[in-house]
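Report on the following structure.
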Amino acid sequence: MDSRRLPVVLAVVSILGVACGGGGSTPAGGSGGSTGTTGSTGSTGSTGSTGSTGSTGSTGSTGSTGATGALLGIPLPQEVSALPTAGAPAAARSPRALLATPPAGSDYANAPTFKFVNERSLSQFDILNTIFDAMAQTHYADEANLNKGPYAAMVTWQEKSDKGQDEKRLIRWVVDSTRESATAPNVVKAWFRMPMMDGQTHVIQALVTIETAPTRNDDGSYADYGKWHMEVKVADPFPFGFSANAEKDAQGRAVVKIAQREPGKGSPNQTRGVLVKSAGAGSGKVSYPDWESCNQPDCAPPAVEVAYVYDRDIVTLKKGAAAPVTKDRHAFVDIVNRYGLYDATTGEDVSRRFRFGFPVRGTTPQGEEVFGYYGAWQGRHQLWANGQQVPKDFPLQRADVPPGATAPSYTATAAYTGILVKRDYAPALLSDLTGLAVETWDSESFELGFDGSRWCTNPTIGPPPVPVPEGTPFFGYATCGPQSATYTDLASLVNDPNDNRRNVMINQPAAGAPRMFVVENGQFFLAEPSSGPHPVRTGTEPWAFSAGDHVWVNVGGPIYVSWTGSAWVRKTVASFDPQTWTATFGPTDLPYALRADREYYFNNSGTNYVVKLVDGVPDVKLEIQSVAHPWDAATIAPPGTVFTQQWCGTGTCSTFSFDIDPASTTYMKLRYASVGSSDEGRGVQVGAPVTTGMWGLQASIGGQAVAFNWDYPMPGQDFGGAQQYLADASGTLVRLDDPIRLASMTLTNGAESRSFTLQFDGNWMQGLPNVQEDLRKNGFEVNDAIRAKAFAIPTGTVTGAYVVKQLQVAEFMALSSAAPLPLGEATAIDLSTVPAFVDNGMGPMPEGVPLRYSEGKPVVP
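Numbers given in the numbering used here equal positions in the sequence shown, counted from 1, plus 1.
Have a look at this one:
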């Protein structure tokens, strides 16, 4: 969904399903992929006491007093989901014992684990989670902030760019939290600035009145959500309003209601929802704009209604006029959206010692205040402000300094376009790729010869058996010799009219100008270039080739290759959305044979796999990346290093060097060291920088063969394939820490145990199968293939000097064959009972307030 359609409280991606957290920047793209699930843990579920609330844990503090009698605020829930979780937390199902116990009061001990059910058809309730996550980062309920006047906090937002990439930004909130007594409600006012659907930045006001705290279960989910009410609005005239409240009904069930109004074409778009929740049974209804059926910027989406009812075993959902769908509450997959990494002895969060990134702020020449983030994403240093790259020499200050302290000043460097990536490997399994359709580049050139009855590869081109008359143009005679192989795969030479990115060009040398062909129905037809990506057929009859004819075939563009579990296939493309960089596949797969002379590079949203044939058998490796920076480029690519290509088509390949001379105009660029025959026709010169991505480069360093990639942005893209740095007053680049590489660990999923090599960069745990991406491609429905890939690191796992903790776990239910539940209770819910919007009357944003928190952590000297 395009973020421009979302209301202000959803001008970001909901924290549900977002992998990133802690200290780091996540503009995604290049070979690292977009942000996604940091890991997952599978389970077929338990039929234990899923409905019991007897041992669900304490209600937490109601905020009346602390141990010393101090007045405290009242905590809000950290998540709201329409359905209760089904059983024990993911960590509790692991046989791995806790090998070290960090002390009470440590970061590890204080970090809560939150667990919720992720049901996409009911995601409208996720609006609340974005707000709750932001409010938790402000520490509004702490004694130090309650009744102490307004203060500021830098709040993390996860946002979807117009290109469908996940990006992280820091938003400055001003908060005023008050409570008159231990029996009075906690009133929280929050102001922040956010771009809205009109392209302008507006001040947003949020007023939350909290009367009682929620009740948490042992697994991190909630038995109820407490009692509270909120009103969110735009401070200036703008047709937006959001209201929500929570309470308990007469049966003790949690009841949450939401109402939202935003600008629409003609009339406002409205969302209204009611959920009634207990561990054993519940129901709900939500009505919202159906953007899935209206995916154009200027359309007016119709309203769609979803009703649902559940008991202890199943849930039945009905969306609009579609048939009801039933899911099994005990057959689920747990996806760990976010992990924390801590010192195994002290329990200290690694982000306190490792500098993965920090917030920055600056002012444009027009006086507009901007907030951004300087972070290292998989070692790639990147600087973003207001969701965009920062102009060179733009002055910035660190935005998380304590009140009264002088903020360090920096300037933005120019962006270094192109990234040299060193590649190390760990073992992986072919089954990791089952059902995963990933984009890989199909670039090949080859010659086909015709002997009168068949086509063959690698023909011998020589003189004809009969001399050619003098003056007759002659382009060689093709012979299918012993080195040739019969070529029958004409289906792979067909240009798919739905796939505008892959292109097959077929040419035959001829007098005057080469003939151009297209293949249709296993036959060649004359063709000519067109204004589109594919040649257009002009011949009405199949072309009759003669013995000795030969053609050149050039294939370029991405293809989508998938391992089905038993065979390799190439997916046919029905359509491609350049905004989200997503292909929709047709119903037919084509057979695909891996080539022995090349390496296949699969990226699954941050988890990178390399596949190549070794003695005819696919060898799969997990790739761990290291990135060249100005301070370590000479170590990664010492002077004299020569990079070669594994494959470049026919003829000789070019070679390359990496420029590590700061005085050079091509500093930090991959350059042509020699120009092979494959590049001569493109006018490439020795010393020129490489301006396209290159995969599978090889170099010999210290007598060892080392693999590299050259990441480079695709045309029209401003994300990925580039690095940008901050420079301090002396001109020294600010270095952030590289990802923490963890010792190899064995994880168990069901009956299968596997070894994983992982690294943590403050954003995600790279190296685990990306089950979240598989779920997305499967319409967020669980199947056996997804369950088999769902590995996770159990809470308490010690790896070297560190201990891991699961922080956010999403439960995805599988479809059930059980008879659907009657929906009468849900359809009878009256959506007109949702809270009517009332102006919160908060007034203007307070100015000149002290900054106390950044991303939930205290700002300290």
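We put the beta carbon where it would ideally sit given N, CA and C, even for glycine.
Contact under 8 Å by Cβ, residue i with residue j
i           : j           : result
residue 255 : residue 247 : yes
residue 622 : residue 428 : yes
residue 178 : residue 146 : yes
residue 646 : residue 658 : no
residue 385 : residue 762 : no
residue 435 : residue 786 : yes
residue 486 : residue 458 : yes
residue 182 : residue 116 : no
residue 737 : residue 803 : no
residue 331 : residue 854 : no
residue 426 : residue 611 : yes
residue 634 : residue 334 : no
residue 204 : residue 194 : yes
residue 739 : residue 349 : no
residue 82  : residue 126 : yes
residue 703 : residue 714 : no
residue 814 : residue 120 : yes
residue 503 : residue 443 : yes
Buried or exposed (CB count within 10 angstroms, at least 16 for buried), residue i
i           : result
residue 118 : buried
residue 776 : buried
residue 632 : exposed
residue 552 : buried
residue 845 : exposed
residue 290 : buried
residue 328 : buried
residue 22  : Any reading at residue 22 must be qualified, since the residue scores a pLDDT of 26, below 50, and its modelled position is unreliable; the value itself is stated next. Buried.
residue 529 : exposed
residue 300 : exposed
residue 848 : exposed
residue 166 : At residue 166 the pLDDT is 39, less than 50, meaning the model places this residue with poor confidence; the figure from the coordinates comes in the next sentence. Buried is the call here.
residue 683 : exposed
residue 840 : exposed
Which residues DSSP lists as bridging residue i, in chain order
i           : result
residue 216 : 225
residue 506 : 555
residue 393 : Per DSSP, none; premise fails for residue 393.
residue 173 : 155
residue 765 : Answer by DSSP bridge pairing: none, since residue 765 is not bridged.
residue 247 : 229 and 257
residue 590 : 572
residue 479 : 462
residue 644 : 657
residue 746 : 757
residue 614 : 619
residue 203 : 195
residue 828 : BP columns for residue 828 are empty, so no partner.
residue 811 : 117 and 336
residue 411 : 397
Nearest-angstrom beta carbon gap, residue j and residue i [assumed within contact, 8 Å]
i           : j           : result
residue 412 : residue 396 : 6 Å
residue 874 : residue 463 : With the chain running from 2 to 862 in the structure shown, residue 874 is simply not present.
residue 822 : residue 317 : 4 Å
residue 520 : residue 494 : 4 Å
residue 273 : residue 260 : 5 Å
Residue i versus the options, residue with shortest Cα-Cα distance
i           : options               : result
residue 695 : 701, 710 and 702      : 710
residue 827 : 86, 359 and 277       : 277
residue 589 : 561, 611 and 513      : 561
residue 1   : 424, 815, 818 and 283 : Only positions 2 to 862 of the chain appear in the structure, and residue 1 is not among them; the question remains open.
residue 366 : 394, 309 and 375      : 394
residue 697 : 760, 601 and 704      : 601
residue 597 : 617, 578 and 583      : 617
residue 851 : 174, 112, 83 and 143  : 174
residue 708 : 503, 795, 624 and 351 : 624
residue 241 : 275, 206 and 641      : 206
residue 78  : 103, 243 and 136      : 136
residue 420 : 781, 628, 285 and 355 : 628
residue 438 : 538, 326, 550 and 569 : 569
residue 202 : 172, 184, 185 and 226 : 172
residue 71  : 500, 825, 142 and 440 : 142
Below-8 Å beta-carbon distance, residue i vs any chain D residue
i           : result
residue 692 : The chain inventory of the structure shown lacks chain D, comprising one protein chain alone.
Check: residue i C-beta below 7 Å from any heavy atom of the ligand GTP
i           : result
residue 791 : The model on display carries no ligand, and the ligand GTP is accordingly not part of it.
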